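Written below as structure tokens is the structure these notes are about.
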Amino acid sequence: MDAKLYETPGNPIPGEPIVGFLNGYKNVPLRYAVFRAQTNISKGTVVLLHGRNEAIEKYFETIADLTKRGFWVATFDFRGQGGSGRLLPDPRRGHVGRFSHYIKDLELFLEQVVLPDTRLPFFLLAHSTGGLIALKAAPRLANRIERMVLTAPFVGLSGQQMSAANVRRLATLAVFSGFGKIQLTREMAPRTFEDNPLTTDPVRFARNQILAKLHPELSLGPPTARWLYEAQKTINEIRSPGHLASITVPTVIVAPGNDPIVPFVDQERLSQYFRAGQLVPVPGARHELLQEQDRYRTQLLAAFDAFIPGGDIEEAGPSVSIAEAN
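UniProt numbering numbers the first residue of the sequence shown as 1 and each following residue consecutively.
This is how it looks when you write it as structure tokens:
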């Protein structure tokens, strides 16, 4: 199976990336890509983690923004989604055995791709489920990741067909009854722009719809009961004061003020015990900040620019890889 990326109208592949497959935990193939900086001098590497039901292609614009700033970008599709290996015979079911498998995949990606093949220092940019994974992994990332920027991290749930409490009860019941691979909701027809909870930008919304239409193999339907159970369990774990206090990687959480999926209050509540973290609200924005209108998206990028060190291109030091450093 060859690893490749897919261009769609209005969504070109940035530069000439290295694309391949990594053997993830338990040999699940993970599609990854590494994009070089568009500058002669590198500021380091941004490890980019996506949300649920997302793929590398959805982030081409963001990757181009980062490489123009002088960063390399290393990213991969999570197990069970995008161009990575599916975990069930029905490829539309969004499934995971344990959320800890995501953490193990991230560590393998850092060890086998990021550390040997990209440029120091390393930063992390993560959205939604990627943010939850980053928060869970963060205590073990202190010696590898310098700083993290998390957009709308998945630390709560709203706007579903049933309440978060009922989702948790049903998912738990299904898992402990041996039905963890079932979906609790039916797959719905694609949303129109008018009723979508993700973005107020019609152009970026249409671009993502075209990607899903031309390459349906990259998309998923609803998550399984096991996925929902594991997600809720992980949310409870990372919310604990002890876990938040153990995170030493400096972190910025950029929280959309009008997020119908992850309540703003749940993102805000993390700051009570999250000493290494700070909250940057973006009033009016919906869940997918990187797919939002420029007036919201530029606020996120400004927060990133202010928080991630590097300065002007002329002031950045020469790029170096782990291999060169050793």
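Yeah, the Cβ is synthetic: ideal placement off N, Cα and C, and Gly gets one too. None of the values given here were measured: they were computed from a predicted structure.
query: Own chain, CB closer than 6 Å to S319, minus 5 neighbours either side, in chain order; result: With a pLDDT of 37 at S319, under the threshold of 50, the predicted position of this residue should be treated as unreliable, and no value is reported.
query: Boundaries of the beta strand (DSSP E) in which T251 is found, first to last residue; result: T251 to P256
query: Three-pair Cβ contact test at 8 Å for the segment 58-66 versus the segment 35-49; result: yes
query: Outcome for D90 when other beta-carbon atoms lying within 10 angstroms are tallied against a minimum of 16; result: exposed
query: Cβ contact (3+ pairs, closer than 8 Å) linking the segment 188-204 and the segment 291-298; result: yes
query: Beta-carbon contacts of P17 that lie in its chain and below 8 Å, excluding the five residues immediately before and after; result: L5, A33, V34, F35 and R36
query: Between the CA atoms of G257 and L173 - distance to the nearest angstrom; result: 33 Å
query: Beta-carbon contacts of M121 that lie in its chain and below 7 Å, excluding the five residues immediately before and after; result: Just to set this straight, residue 121 is Pro in the shown sequence, not Met. Answer for P121: G44 and E146, listed in chain order.
query: Between the CA atoms of Q183 and R92 - distance to the nearest angstrom; result: 10 Å
query: F176 and M148 closer than 9 Å at C-beta; result: no
query: Cα-Cα separation between V252 and V265, rounded to whole angstroms; result: 16 Å
query: N- and C-terminal bounds of the beta strand (DSSP E) containing T45; result: G44 to L49
query: Whole-angstrom C-beta distance between P12 and T67, which should lie under 8 Å; result: About 13 Å separates the two Cβ atoms, so there is no contact after all.
query: Local conformation of A165 per DSSP, three classes; result: helix
query: The segment 125-136 touching the segment 232-247, judged by at least three CB pairs closer than 8 Å; result: yes
query: Distance, G70 Cα to S163 Cα; result: 43 Å
query: Short Cβ contact (9 Å threshold) for L165 with T248; result: Note that residue 165 is Ala in the sequence shown here, rather than Leu. For A165 and T248, no; Cβs fall outside 9 Å.
query: Alpha-carbon to alpha-carbon, Q38 and P222; result: 37 Å
query: Run of the beta strand (DSSP E) containing Y25, from where it starts to where it stops; result: Taken as a continuous stretch (DSSP letters only), Y25 belongs to no beta strand (DSSP E), as it is neither H nor E.
query: Burial state of Q272 (16 or more Cβ within 10 Å); result: exposed
query: Residue range of the unbroken beta strand (DSSP E) whose run includes residue 327; result: There is simply no residue 327 to check, as the chain begins at 1 and stops at 326 in what is shown.
query: Straight-line Cα distance separating R52 from Q278; result: 24 Å
query: P281 versus V254: straight-line alpha-carbon distance, rounded; result: 6 Å
query: Option in A55, R168, A206 and A126 with minimal Cα separation from L301; result: A126
query: Residue ranges of each beta strand (DSSP E) within the segment 97-131, 3 or longer; result: 122-127
query: Bridge-paired residues (DSSP) for M148; result: L124 and T251
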